[in-house]
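Counting from 91, one number per residue, gives the positions in the sequence shown under my numbering. Built from N, CA and C at the ideal position, the CB exists for glycine as well. It should be emphasised that the depicted structure is a prediction, and the values quoted were computed from it without experimental measurement. What follows is one structure encoded as structure tokens, with my remarks underneath.
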Amino acid sequence: MHKKFAEKKGMCILRETKPKYQEVFFTEVKMKKLGFLIAGVSLLMSGALTASIRPCPGQFSFTVEWTYLEPIVDNPYYVIKDQDFDDVDEFLGQRIANDMNYDSGFRIEALYAFCNCACPTDLRLAWTHLDADHSVRKRTRDDDLFPTRGHPDCLEDDLDFASSSICFDFDRVEGVFGLHVLDCGCLNLVLEVGLQYANFEYDTKIRYSDFAYDDFYRVVQDSSYWGIGPQFGFDFNYYICGNLSLNATVNWALLVGENDTKFIHFKSGEEQITIRDICVAAKNDSIWRIVPATHMRTGLNYGFGCGCWDANIEVGYQFYSYVRALDHIEFVESEKTKDAPGQVGRSLDIYSNADMHGPYLAFTFNF
Numbered sequence: 091m092h093k094k095f096a097e098k099k100g101m102c103i104l105r106e107t108k109p110k111y112q113e114v115f116f117t118e119v120k121m122k123k124l125g126f127l128i129a130g131v132s133l134l135m136s137g138a139l140t141a142s143i144r145p146c147p148g149q150f151s152f153t154v155e156w157t158y159l160e161p162i163v164d165n166p167y168y169v170i171k172d173q174d175f176d177d178v179d180e181f182l183g184q185r186i187a188n189d190m191n192y193d194s195g196f197r198i199e200a201l202y203a204f205c206n207c208a209c210p211t212d213l214r215l216a217w218t219h220l221d222a223d224h225s226v227r228k229r230t231r232d233d234d235l236f237p238t239r240g241h242p243d244c245l246e247d248d249l250d251f252a253s254s255s256i257c258f259d260f261d262r263v264e265g266v267f268g269l270h271v272l273d274c275g276c277l278n279l280v281l282e283v284g285l286q287y288a289n290f291e292y293d294t295k296i297r298y299s300d301f302a303y304d305d306f307y308r309v310v311q312d313s314s315y316w317g318i319g320p321q322f323g324f325d326f327n328y329y330i331c332g333n334l335s336l337n338a339t340v341n342w343a344l345l346v347g348e349n350d351t352k353f354i355h356f357k358s359g360e361e362q363i364t365i366r367d368i369c370v371a372a373k374n375d376s377i378w379r380i381v382p383a384t385h386m387r388t389g390l391n392y393g394f395g396c397g398c399w400d401a402n403i404e405v406g407y408q409f410y411s412y413v414r415a416l417d418h419i420e421f422v423e424s425e426k427t428k429d430a431p432g433q434v435g436r437s438l439d440i441y442s443n444a445d446m447h448g449p450y451l452a453f454t455f456n457f
């Protein structure tokens, strides 16, 4: 009885002492986890202190950026492909568009941080450029193409060839002062105020052909706009971990400038069209217009240092929008009667936004 009791008692002792070993073990695990947490926080804070998107007071920064933008304009349609061309008066078809693709551009930026530690400010100058060209052709064996551009009196239906080419040029120059309104730990917010200049060139050339009757038509519609005005916005930077940070920029501008638009319609019995084959040529008087502009971008930025200079690599996505910046002249057919031939010059302006979007890759050097 005593032996069994001793064995049971020993078992009780072992059962009582087991939780003490477990307590020591779990205490060591908790200490290791706490050590990892402290190391992670130290790494995060060291990254927040060493990584720098903008230069320190008294330093310069220079940025070279590759952009890959897709321009978007309203009303890119140039021809209708009839699905039932046996009935000319009533047709059902798809409007074919010349929708532009992505194209490469660039942005160059220089920034100087003034020596004012009490109220950090800086000056930023930037130039953005995009030159995009795109062409598309539509050809069928049957006479089932109906033009959607040009003067109604200078065109015929039942065409068998149509093509459209677009040239889109964009330039943007901005000069802004930045005021650091919030700079605490991992968060940095800069208010920017300054001026922006923007210039657009949008040229469209459309060709229609009817090879059965050797009829050739060409429509040229050109639109340009330049404007200058105030710009303000915010630049936001949040340090995620180490030298990796999230950067976001949004700015708005109100541009005042001139708009030029012209329309030329050629008609010839030969493929080589000359100035003598002009059917209609019209040009708008230059007028002053106000265009609101918006630019937004966000990306991930990684910073690293080497000696006396710092560098940053950023990749992200951006959007541009200029409201009603472009327009083209559209002639509409008026009713013709026996006594009145109709209004040949009846026309109106079709306005379009100038929008762009796409990814970017930027390299910044602080020195």
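> What is the residue span of the beta strand (DSSP E) that ALA203 lies within?
Replying inline: 193-203
>> Let's test the definition: count the other Cβ atoms within 10 Å of the Cβ of ALA444 and tell me whether it reaches 16, buried, or not, exposed.
In response: buried
>> Here's a check: name, in chain order, each residue in its chain whose Cβ is nearer than 8 Å to the Cβ of THR238, leaving out the five neighbours to either side.
In response: TYR167, TYR168, VAL169, ILE170 and ARG185
>> Which of the three DSSP states is assigned to PRO147 in this structure?
In response: coil
>> Using only the alpha-carbon positions, how far apart do VAL131 and GLY275 sit?
In response: Legend: pLDDT at VAL131 = 46, less than 50; position of this residue unreliable, value from coordinates given subsequently. Looking at the two C-alpha atoms, the distance is approximately 12 Å.
> Leaving out the 5 sequence neighbours to the left and right, which residues in its chain are closer than 7 Å to ILE440 when beta-carbon positions are compared?
Replying inline: ASN165, ASP417, HIS418 and GLU420
> What residue from TYR450, PRO147, TYR412 and ASN191 has the CA that sits closest to GLU404's CA?
Replying inline: TYR450
> Along the chain, which unbroken stretches of the beta strand (DSSP E) at least 3 residues long are found entirely within the region 227-298?
Replying inline: 235-237 and 251-274
> Anyone know if the C-beta pair for TYR287 and ILE318 falls short of 8 Å?
Replying inline: yes
> Could you give the distance in angstroms between the alpha-carbon of ALA372 and the alpha-carbon of GLY284?
Replying inline: 38 Å
> So, helix, strand or coil for ASP325, using DSSP?
Replying inline: strand
>> Measuring alpha carbon to alpha carbon, tell me which residue in ASP212, ASP400, HIS385 and VAL413 is nearest GLY448.
In response: HIS385
> Does the separation of the CB atoms of PRO145 and LEU215 fall below 8 Å?
Replying inline: no
> What's the gap between the Cα of ALA252 and the Cα of ARG197?
Replying inline: 36 Å
>> To test your reading of the DSSP string, which unbroken beta strand (DSSP E) runs of 3 or more residues are found completely within the region 322-406?
In response: 334-358, 368-373 and 377-396
> What is the residue span of the beta strand (DSSP E) that ASN206 lies within?
Replying inline: From DSSP, ASN206 is part of no beta strand (DSSP E); its letter is neither H nor E.
> In three-state DSSP terms, what is ALA129?
Replying inline: With a pLDDT of only 46 at ALA129, under 50, the local geometry of the prediction cannot be trusted, and no value is derived from it.
>> Determine whether the beta carbon atoms of TYR412 and VAL381 lie at a separation below 8 Å.
In response: yes
> So, helix, strand or coil for ASN188, using DSSP?
Replying inline: coil
> For ILE256, does the count of other Cβ atoms within 10 angstroms reach 16, so buried, or fall short, so exposed?
Replying inline: buried
>> Could you compute how far the alpha carbon of LEU249 sits from the alpha carbon of PHE301?
In response: 8 Å
> Helix, strand or coil: which one does DSSP assign to ASP164?
Replying inline: coil
> For THR153 versus ALA452, is the C-beta distance shorter than 8 Å?
Replying inline: yes
> So the beta strand (DSSP E) LEU438 belongs to, where does it begin and stop?
Replying inline: 437-456
> Whose C-alpha, out of CYS209, ARG366, TYR407 and ASP293, is nearest the C-alpha of ASN188?
Replying inline: ASP293
> Is the beta carbon of LYS423 sitting closer than 8 Å to the one on PRO161?
Replying inline: Here the sequence assigns Glu to residue 423, which means Lys is not the residue at that position. Not in contact: GLU423 and PRO161 (Cβ atoms no closer than 8 Å).
> VAL163 and SER442: beta carbons closer than 8 Å?
Replying inline: yes
>> My assumption, with CB atoms under 8 Å, is that ASN341 sits in contact with PHE322. Please give the rounded CB distance.
In response: 7 Å
>> Helix, strand or coil for GLN173? Go by DSSP, reduced to three states.
In response: coil
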